[in-house]
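J.: Going by the working numbering, the final residue of the sequence shown carries number 1478, and the count climbs one at a time with no gaps.
Even for Gly, the Cβ is constructed at its ideal location relative to N, Cα and C.
My questions all concern the structure below.
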Amino acid sequence: MRVQLNPIYKLFFLTKEIGIPQLTEYALYKLAERTGIVERNTPSLGLPIENEKLFDLKSVPFPVFKIEKNNLTGFNIDTKSIVTHADSITKGNFHPFGGEPQPFAFTQTSKPLEHWTRYGDLVDGKDIKWIWEPARFAWSFILARAYLITGDEQYPKTFWDKFAEFEQFNPVNLGPNWLSAQEVAIRIITWVNVYQIFKTSKHTTEINSKKLAISVWHHAARIPPTLAYARSQKNNHQLSEALGLIVAGSIFSNGSQKAKKWLELGINEFNSGLLNQTEPDGTYSQHSANYHRLMLQISLIYYGYTKFLHVEVPTKVIERLAAATRWMIAQLDPVSGRLPNLGHNDGTLLLPMGTSEFRDYRPTAQAASRAFLGAACLPPGPWDELSVWLGLDLDDSQVSGHSVTSPAVHKIGIKNCWATLRGVKYHGRPAHADQLHLDLWWNGTNITQDAGTFSYNEAPPWDNSLSSTLVHNTIMVDEQDQMVRAGKFLWLEQARALWLPVPKPNTLCASHNGYRRKGISHQRTVDFISEQEILVTDLLEMKHSNENHQVVLHWLLPDWSWKLNGQTILLEHKKHWVELSILAIDVKNGYTIIPTDLSVIRAGSTLLGSRTNPILGWVSHTYGVKAPALSFLANYSTTTSIQLTTCWKLTTSAPATEE
C-alpha cells in the first residue's frame, strides 16, 4: 500500500538511501524540463540536419550481426515456428511482451500530436507501454530470422512498410513514442542491426536507406538532452541510451563532429553506468531477472561495437559483466531455461534469437558466458543462435553451468530440485519488498513462485502492486510491507538482510530488519534434507511481548489440483505430488499456535478461508498477462515470538492418502 509521507521525512530517506548524486541529476533534469530547456533542445520536427551526405547507409560497415543463411543450420532451431511467427507479422499481428498475438499499428491517439514533454504514463487512459511496445521494432528480428531461413522478400517488405508507417504517425519529437529516450535508443539499436540483414533486399532501396539514416540521426539527437534523467534512474535507461549513441555515432562519425561526440559520450556513459549499476558480486541495481537479461544483452552488443571500433573496454567493466553473467547462470533452471521471476518484469526481450519462449534465459546466458567468461556454459543447442548472431566463437570448451556459482545467489539443492533464498543489502532503489522470499524449483516447475509484475500503470490495484510483500513467499506482519512504499517504483526505510553462518551444508540462513519499527526481526532457515524434503523455518522475535501482532505466511503455488487436510495442503499435477504442512510454535512457552485463518485464493477469488484480495492467486510471466496460481496463506495472532516450520515433501509416487 502506498503511503503519503511527510515531505521532510521523505527527503531525509531519499538522501540517505538513494543518494545525493542521483537526486541532483533528477533535480537538474526537472529544472531543465520546467524551464523549457528540454523542449528547446528537442524541438518539434527535430533539429536541422548537419550534412545529408552522411546518410548513405549501404557504404557503412557494421560491427555485429554479420550473419548469413547457412549460419542458422546445425543448432536444432525450430525454423518452422520462426517462419510461422514472421508470417503472422506480415499479416499485421505481433506478440507484445512475448505474449499472445495482437493487431498492431503506430497510431496512438485521435487527438493532434503534441510535443513529447506533454505525455505521461497514460495516453487517453491507456498504459503507455502498450503504445511503446510495437514501436520498439523488436518483432523485426523475427522477420530478419525468417528472411535468413527462406530468402522470402515479404519479410523485408513488411519491415519497410512498417517503418514508413511509423515515420508517418510519429513525426520527430511529437507524440508519446518520443517521451522516453530509452525507447528512442532501442529503435536505433533495432533498426540498424536489422538493416544489416535486409541490406541486400530489393526493398532496401536508396530512398528507404536514406530515410532510415535520417531517422536514426533524429533519434540520436533526442538522447543527450535528457541523459541527466537516465543517470538519475541508475538503471537500464542509461545503458540503452548510451548504446544508442554508440550505434548512431559509429555510423556518422566519419563526417560529423556531432556524431563523434555522440560516440565518445556513449562509450563514457556506458562504462560509468555499468560500473555504477553493477555490484562486484554481479548484482544489478534493478534487482530484476528480466532487466538483468536486458543489461547483458545491451552489453553484448556494446562488446561487439568496442571490438569493431578498437576501443579498449576497462578491465573493471569486463569483471563486472563476468560477475553479472555468473549471477544469471547460478540460478538458471537447467530443465526449463528459466530464472526466478525476480523483481520488475516489463516484458522486454531485445534479442529473441534462440529463445523457446519469453522466459528462456539460455541464449543470453550462453552468449554472455562465451563473451565474458571465455567459454560456453551449456552444451550445444538452439540457444546457441544468439551467439551466432553476435559473431561469438562457438568452440567446444564449456564451463559447466552447474559449477558456476555467484556470491550474490544463495542456492541449495541439486540439478532437478533446488531453491534460492532472497536476501540483499540495497545500494539504491529496491524493486520489490521481497526479503527472504523463497523460490523452489522441481523438475523444471517453479513450485514456490514469484508473482512477477503484470502492470505498472493500470488502475489500482494493478499499479505495480505485485511488488508488495504480501504476494511473495515470505512473511508479512500487521498487513504492512517490509518497507514503506513511497511511490510506484520507490521504497523507503529499506529492509536490509544479514546472512548468518550455518552449521551444515545445504542450509541457508538469513534475517532482515524490515519490521524494526515494530521491534520485530525475521529470520529464515532453509534446510535441503533431500530432493524429496525441504524444511523452511521462520523465526519472528518480538521485543515488545505485550503487543499483539498479525503474522501472515504466504506461499504462491502452481495452479494444480489441491485439497486441504488440517494445516496440510496437498497438490497434484501429472503424477507429481507436493505436500506442504505448517507448524507454528510459541517460542517462549513451547506450545502449538493454531492459525486464526487458512486461506486458499486462486485468480483473486477466495476458495477457502476468510482472506480476500484481488492481487492474490496470480502469476505474471510477462507484462500485461496474468495467469491463475494458488495463494496459500496462514494467519497467526501472537503477542510473543513465534516459530513457523513449513515442511515440503515432493514425490512422483502417490502419497498413502492418494492411493
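#1: Any chance you could list the alpha helix (DSSP H) runs of at least 4 consecutive residues sitting entirely within the stretch 865-915, in chain order?
#2: Could you check if glutamate 887 is buried or exposed, using at least 16 other CB atoms within 10 Å of its CB as the buried criterion?
#3: For methionine 1361, write down the residues that DSSP places opposite it in a beta bridge.
#4: Counting C-beta neighbours from all protein chains within 10 Å, is the total for lysine 1053 16 or more, i.e. buried, or is it exposed?
#5: What number of angstroms, rounded off, separates the C-alpha of glutamate 1478 from the C-alpha of threonine 1288?
#6: Helix, strand or coil: which one does DSSP assign to glutamine 1386?
#7: Report, in whole angstroms, the separation of the C-beta atoms of leucine 1140 and alanine 1184, which I expect to be a contact under 8 Å.
#8: Taking C-beta to C-beta, are histidine 1363 and leucine 1255 nearer than 7 Å?
#9: Quick one: give me the first and last residue of the alpha helix (DSSP H) that arginine 964 is part of.
#10: Could you tell me the alpha carbon to alpha carbon distance between isoleucine 1137 and glycine 1210, rounded to whole angstroms?
#11: Quick check on this structure: which residue in Val883, Trp1381, Leu1327 has the alpha carbon closest to the alpha carbon of leucine 1119?
#12: Can you list, in chain order, the residues of its chain whose CB lies under 6 Å from that of threonine 1415, leaving out five sequence neighbours each side?
#13: Rounded to the nearest angstrom, what separates alanine 1061 and alanine 1032 at their Cα positions?
#14: Given a cut-off of 7 Å, decide if isoleucine 896 and proline 1201 are closer than it, judged by their beta-carbon atoms.
#15: The beta strand (DSSP E) that contains phenylalanine 1451, what's its start and end?
#16: Tell me which residue opens and which closes the beta strand (DSSP E) that valine 1207 is part of.
#17: Since glutamine 1229 contacts leucine 1327 with CB under 8 Å, what's their CB separation in whole angstroms?
#18: Give the straight-line distance between the Cα atoms of asparagine 1090 and valine 879, rounded to the nearest whole angstrom.
#19: How many Å lie between cysteine 1236 and tryptophan 1260 at the Cα?
#20: Taking its Cβ as the centre, do 16 or more other Cβ atoms sit within 10 Å of isoleucine 1412, making it buried, or is it exposed?
#21: Can tryptophan 935 and glutamate 1002 be called in contact, C-beta distance under 7 Å?
#22: Put valine 1132 into one of helix, strand or coil per three-state DSSP.
#23: Quick check: what's the CA-CA separation for leucine 932 versus glycine 994?
#24: Look at the Cβ atom of methionine 1361, then the Cβ atom of threonine 1441, and state whether they are nearer than 7 Å.
#25: Under 6 Å from any heavy atom of the ligand MN, does the C-beta of asparagine 890 make it?
#26: Could you give the C-beta distance for glycine 1193 and alanine 1143, rounded to a whole number, given that I count them as a contact under 8 Å?
#27: Look at proline 975 and serine 907 and say whether their C-beta atoms are less than 7 Å apart.
#28: Using the C-alpha atoms, what's the distance from leucine 1311 back to aspartate 1179?
#29: Bridge partners of phenylalanine 1347, per DSSP?
#30: Which residues share a DSSP beta bridge with isoleucine 1042?
#31: Using the Cα positions of alanine 777 and threonine 1224, report the straight-line distance between them to the nearest angstrom.
#32: Are there 16 or more other CB atoms within 10 angstroms of the CB of threonine 903, so buried, or fewer, so exposed?
#33: Could you give the distance in angstroms between the alpha-carbon of serine 999 and the alpha-carbon of lysine 872?
#34: Does leucine 1417 pass the burial test, meaning 16 or more other C-beta atoms within 10 Å, or should it be called exposed?
#35: Roughly how far, in whole angstroms, is the beta-carbon of arginine 1050 from the beta-carbon of glutamate 844, given that I think they are within contact range, below 8 Å?
#36: Out of curiosity, what's the CA-to-CA distance linking threonine 1009 and alanine 1067?
T.: If we stick to the structure as given:
#1: The stretch 865-915 is shown to contain whole alpha helix (DSSP H) runs of 4 or more residues at 898-909, in chain order.
#2: Taking the sequence shown and counting its residues from 1, the one referred to as residue 887 is at position 68. In summary, glutamate 887 is exposed, with fewer than 16 beta-carbon neighbours lying within 10 Å of its beta-carbon over all protein chains present.
#3: What you label residue 1361 is simply residue 542 of the sequence shown in a count that begins at 1. DSSP lists Ile1339 as partners of methionine 1361.
#4: Stepping through the sequence shown from its first residue, residue 1053 is reached at position 234. Lysine 1053 is buried by the Cβ-count criterion.
#5: Residue numbering aside, residue 1478 sits at position 659 when the sequence shown is read from its first letter. Residue numbering aside, residue 1288 sits at position 469 when the sequence shown is read from its first letter. Legend: pLDDT at glutamate 1478 = 48, less than 50; position of this residue unreliable, no value from coordinates given.
#6: As a position in the sequence shown, residue 1386 is number 567, starting the count at 1. It is coil, neither helix nor strand.
#7: Taking the sequence shown and counting its residues from 1, one reaches residue 1140 at position 321. Taking the sequence shown and counting its residues from 1, one reaches residue 1184 at position 365. Going by Cβ atoms, the distance from leucine 1140 to alanine 1184 rounds to 13 Å, so no, they are not a contact pair.
#8: Against the sequence shown, residue 1363 aligns to sequence position 544. Against the sequence shown, residue 1255 aligns to sequence position 436. With contacts defined as CB atoms closer than 7 Å, histidine 1363 and leucine 1255 fail to qualify as a contacting pair.
#9: Position 145 of the sequence shown, counting from 1, holds the residue named residue 964. If you look at arginine 964, you'll find it in the alpha helix (DSSP H) that goes 959-969.
#10: Position 318 of the sequence shown, counting from 1, holds the residue named residue 1137. Position 391 of the sequence shown, counting from 1, holds the residue named residue 1210. Those two C-alpha atoms are separated by around 18 Å.
#11: Counting from 1 along the sequence shown, the entry for residue 1119 is found at position 300. Relative to leucine 1119, the option among Val883, Trp1381, Leu1327 whose CA is nearest is Val883.
#12: On the sequence shown, residue 1415 is found 596 positions in, with the first residue counted as 1. Asn1454, Ser1456, listed in sequence order.
#13: Taking the sequence shown and counting its residues from 1, the one referred to as residue 1061 is at position 242. Taking the sequence shown and counting its residues from 1, the one referred to as residue 1032 is at position 213. Each residue's CA atom was taken as its position, placing alanine 1061 and alanine 1032 some 18 Å apart.
#14: Numbered from its first residue, the sequence shown carries residue 1201 at position 382. Numbered from its first residue, the sequence shown carries residue 896 at position 77. Cβ distance < 7 Å, so proline 1201 and isoleucine 896 count as in contact.
#15: Start at 1 with the first residue of the sequence shown, and residue 1451 comes out as number 632. From DSSP, the beta strand (DSSP E) with phenylalanine 1451 extends over 1449-1457.
#16: Sequence index remark: in the sequence shown, residue 1207 carries index 388 (1-based). For valine 1207, no beta strand (DSSP E) segment is defined; the enclosing uninterrupted segment is the alpha helix (DSSP H) at 1204-1208.
#17: As a first step, residue 1229 is located in the sequence shown; it is residue number 410 there, counting from the start. As a first step, residue 1327 is located in the sequence shown; it is residue number 508 there, counting from the start. Correcting the residue type first, residue 1229 is histidine in the shown sequence and not glutamine. Their Cβ separation, rounded to whole angstroms, is 5 Å, which keeps histidine 1229 and leucine 1327 in contact under 8 Å.
#18: The residue given as residue 1090 occupies position 271 in the sequence shown. The residue given as residue 879 occupies position 60 in the sequence shown. Valine 879 has its alpha-carbon roughly 25 Å from the corresponding atom of asparagine 1090.
#19: Stepping through the sequence shown from its first residue, residue 1236 is reached at position 417. Stepping through the sequence shown from its first residue, residue 1260 is reached at position 441. Between the alpha carbons of cysteine 1236 and tryptophan 1260 lies a gap of roughly 6 Å.
#20: Here residue 1412 corresponds to residue number 593 of the sequence shown, with the count starting at 1. Result: buried.
#21: Mapped onto the sequence shown, residue 935 falls at position 116. Mapped onto the sequence shown, residue 1002 falls at position 183. Not closer than 7 Å, so no.
#22: Mapped onto the sequence shown, residue 1132 falls at position 313. It is coil, neither helix nor strand.
#23: What you label residue 932 is simply residue 113 of the sequence shown in a count that begins at 1. What you label residue 994 is simply residue 175 of the sequence shown in a count that begins at 1. Each residue's alpha carbon lies about 5 Å from the other.
#24: Taking the first residue of the sequence shown as 1, we reach residue 1361 at position 542. Taking the first residue of the sequence shown as 1, we reach residue 1441 at position 622. Their beta carbons are not under 7 Å apart, which means methionine 1361 does not touch threonine 1441 by this criterion.
#25: This structure simply doesn't include the ligand MN, nor any ligand for that matter.
#26: The residue you call residue 1193 lines up with position 374 of the sequence shown. The residue you call residue 1143 lines up with position 324 of the sequence shown. Between alanine 1143 and glycine 1193 the Cβ distance is about 15 Å, and since that is not below 8 Å, they are no contact.
#27: Taking the sequence shown and counting its residues from 1, the one referred to as residue 975 is at position 156. Taking the sequence shown and counting its residues from 1, the one referred to as residue 907 is at position 88. At least 7 Å separates the beta-carbon of proline 975 from that of serine 907.
#28: Within the sequence shown, numbered from 1, the residue matching residue 1179 stands at position 360. Within the sequence shown, numbered from 1, the residue matching residue 1311 stands at position 492. The straight-line gap from Cα to Cα measures roughly 33 Å.
#29: Taking the first residue of the sequence shown as 1, we reach residue 1347 at position 528. Residue pairing for phenylalanine 1347: DSSP places it in a beta bridge opposite Ile1353.
#30: Position 223 of the sequence shown, counting from 1, holds the residue named residue 1042. DSSP output for isoleucine 1042 lists no bridge partner at all.
#31: Here the chain has residues from 820 to 1478 only, and residue 777 is not among them.
#32: Indexing the sequence shown from 1 puts residue 903 at position 84. Here threonine 903 is exposed. Its C-beta has fewer than 16 other C-beta atoms within 10 Å.
#33: To locate residue 999, count along the sequence shown from 1; it is residue 180. To locate residue 872, count along the sequence shown from 1; it is residue 53. C-alpha separation (whole angstroms): 29 Å.
#34: Here residue 1417 refers to the residue found at position 598 when the sequence shown is read from its first residue. So leucine 1417 ends up on the buried side.
#35: Here residue 1050 refers to the residue found at position 231 of the sequence shown. Here residue 844 refers to the residue found at position 25 of the sequence shown. About 5 Å separates the two Cβ atoms, so the contact holds.
#36: Taking the sequence shown and counting its residues from 1, the one referred to as residue 1009 is at position 190. Taking the sequence shown and counting its residues from 1, the one referred to as residue 1067 is at position 248. Each residue's alpha carbon lies about 11 Å from the other.
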